[in-house]
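> Under UniProt numbering, the first residue of the sequence shown is numbered 1, with each subsequent residue one higher. Think of the CB as a built atom: it goes at the ideal place given N, C-alpha and C, for glycine as much as any other residue. One structure coming up, written as structure tokens, with questions to follow.
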Amino acid sequence: MLGEEARQNAVKCIMVARKYLSQGDLASAKRMALKSKRFQHLPVADALLKQLDDIQNPTSPASPKSTNTSSKHSNSNKRSNHSTRNGAGAGSNSKPQASQRDSGRLGSEESQGEKENVQVRYTASQARIVREVRSEKDYYKLLKIDRSASKEAITKAYRKVAVRCHPDKNPHPKAEEAFKKLSTIKGILTDERKRRTYDRFGEEGVSEAGSRGGGGYRRHNRFRSSYGYEGSGYHAFSEDDIFNMFFDTGRRRRRGRQDRAQDDGHPRGFQMAQLVQFLPFVLILLLSFFNQSHKPDIHYSLVRSSEFPVPRTSPSGTEYFVSYHFNRKYSRETSVLRSLDEMADAEYFHKIKESCDLERVVRSKSISAAQRNKEGGAQAMAQRLRQAHNLATPSCFRMNSIIDAQA
């Protein structure tokens, strides 16, 4: 295994050296070729070093002209001149050099052979894992885990596959792309909101939710921040988030303004006036703490949990869950119960609407993909279009039912 890794590292250095050579950076190319030999001695490294020596130390009048052309032609011409002068000596050193009588043909064949020698330096197993990662859309199948796997199991499975796709371990040209996809998969499956979206809508739904930026989730933070709702798919802002959002940028702005004020000759007292503009944010922060310390102890969730195990149903049919102490404290406060029912209805409706939006996006993208796919002729294309148009949208059906019931 150690020898295989050394060979792969040597090949990688050769590929980098050739890249430097094509860019005209001969010093870096030579450095990488020598580094390749420290990992493992490959004939292609010797050939590359010989090519670099010929370019840097021309030995015939024809060489300067050759170095103005591409590196491939330079290599071919120099080997031809060397063979003409020292044909007999070269033939006595090694068997491959005995065929240098036709030096132009040899230079072309050797250059092509070296190129192929570098490009095929990955195994069939390495190519297969890269291909599987890039093509597989079922993340659980790719990582060989159950759909109910814990975060620890997901991380362990990710590491097992990722190490086989790491560019330092796998010289396949698409290994880096596969490795980045695996990192994205781990991020999705270890994030509860993204994982729920993927489980329901697949890759299309996750990518669309990411491009939407989560804007739809942030509209309803007032329900959750005041009443403790932590339902699925919603993003919370803490007081620290709000403080950093305003005051971190404020400090950067003040620092820049202070520098400009000092450059312009303004006194330091001038900076204090700029702090006044941030007083509204201070008041907002203080009011937020005040409201939290005086808010009524009302908690609910749309999802049953150990904290909210008792089910309730609003007049419109929305089921939600409250704590054991809720009925004892608020059973006679009809205004509180009515407000809670309305908030649960609103939360549920917006959650259904978000799911409906994702369903519509998935169906729209499926239709577009079917229209672009010309394989199989018109009949196959028509069948794919029918399947795309007939994709189920249960959340949209439920949302329309709620709207009709309220009309």
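Work out the CA separation of T313 and N327 for me, nearest whole Å.
So the alpha carbons of these two residues sit roughly 13 Å apart.
> Taking Cβ positions, are D146 and Y139 nearer each other than 8 Å?
Contact flag unset, no.
> Can you confirm whether the region 367-384 touches the region 346-358 when touching is taken to mean that 3 or more C-beta pairs between the two stretches lie within less than 8 Å?
No, because fewer than three Cβ pairs between the region 346-358 and the region 367-384 fall closer than 8 Å, the two stretches do not touch.
> What's the C-alpha gap between Q160 and L340?
Checking the sequence shown, residue 160 turns out to be Lys, not Gln. Approximately 48 Å between the Cα atoms of the pair.
> If you measure between the beta carbons of Q40 and A17, is that distance less than 8 Å?
No, Cβ-Cβ distance for Q40 and A17 is not below 8 Å.
> Can you list, in chain order, the residues of its chain whose CB lies under 6 Å from that of K37, leaving out five sequence neighbours each side?
Taken in chain order, the residues that qualify are A45.
> In chain order, what residues of the same chain lie with their CB nearer than 7 Å to the CB of E333, ignoring the 5 residues before and after it?
Cβ neighbours of E333 beyond the five flanking positions: none.
> Return the residue from the list D54, R360, V206, L48 that minimises the CA-CA distance to T393.
Out of D54, R360, V206, L48, R360 has the C-alpha closest to the C-alpha of T393.
> Quick check: what's the CA-CA separation for D404 versus C165?
Their Cα atoms are separated by approximately 52 Å.
> Does the distance from the CB of V322 to the CB of V310 come in under 8 Å?
A contact, by the Cβ cut-off of 8 Å.
> Bridge partners of P311, per DSSP?
Looking at the DSSP assignment, P311 forms a beta bridge with F321.
> Check whether the Cβ atoms of S305 and Y320 lie closer than 8 Å to each other.
Cβ atoms of S305 and Y320: not closer than 8 Å.
> The alpha helix (DSSP H) spanning V44 covers which residue range?
Counting along the chain, the alpha helix (DSSP H) containing V44 begins and ends at 43-56.
> Under 8 Å between the Cβ atoms of R398 and I352?
Against a cut-off of 8 Å, the Cβ pair of I352 and R398 comes out as a contact.
> Secondary structure at S368, three-state DSSP: helix, strand or coil?
Three-state result, S368: helix.
> From Q119 to R386, what does the alpha carbon distance come to, in whole angstroms?
Note on Q119: pLDDT 46, under 50, position unreliable in the model; no value is reported.
> Between which two residues does the alpha helix (DSSP H) containing K169 stretch?
Neither: K169 is in no alpha helix (DSSP H) and is coded neither H nor E.
> Assign S301 to one of three DSSP states: helix, strand, or coil.
Strand at S301.
> Is the beta carbon of K365 closer than 8 Å to that of E132?
For E132 and K365, no; Cβs fall outside 8 Å.
> Which ranges does the alpha helix (DSSP H) cover as unbroken runs of at least 4 residues, wholly within the region 123-163, from first to last along the chain?
Counting whole runs of 4 or more residues, the region 123-163 contains the alpha helix (DSSP H) stretches 124-135, 139-143.
> From T123 to I188, what distance separates their C-alpha atoms?
T123 and I188: Cα-Cα distance of roughly 30 Å.
> Which of helix, strand or coil does DSSP assign to N373?
Three-state DSSP puts N373 in coil, outside helix and strand.
> Where does L391 fall in DSSP's three states?
It is coil, neither helix nor strand.
> Assuming E177 is part of the alpha helix (DSSP H), what are its boundary residues?
That run of the alpha helix (DSSP H) goes 175-189.
> What do you reckon, is the C-beta of H166 under 7 Å from a heavy atom of the ligand NAP?
With respect to the ligand NAP, the structure shown offers nothing to examine, as it has no ligands at all.
> Among the candidates A127, E354, K169, P43, whose CA atom is the shortest distance from the CA of R193?
Considering only alpha carbons, the answer is E354.
> To the nearest angstrom, how far is it from the Cα of I154 to the Cα of N400?
Distance between the alpha carbons of I154 and N400: 37 Å.
> For N170, which of I402, E4, R372, C356 has the nearest alpha-carbon?
For N170, the nearest C-alpha among the options comes from E4.
> Give me the Cβ distance between R134 and K186, rounded to the nearest whole Å; I'm assuming they're in contact under 8 Å.
Contact doesn't hold; Cβ gap of about 16 Å is too wide.
> So, helix, strand or coil for Q23, using DSSP?
In the structure shown, Q23 sits in coil (DSSP, three-state: anything other than H, G, I, E or B).
> Return no unless some Cβ of chain B is closer than 8 Å to the Cβ of D138.
You won't find chain B in this structure, because it holds only one protein chain.
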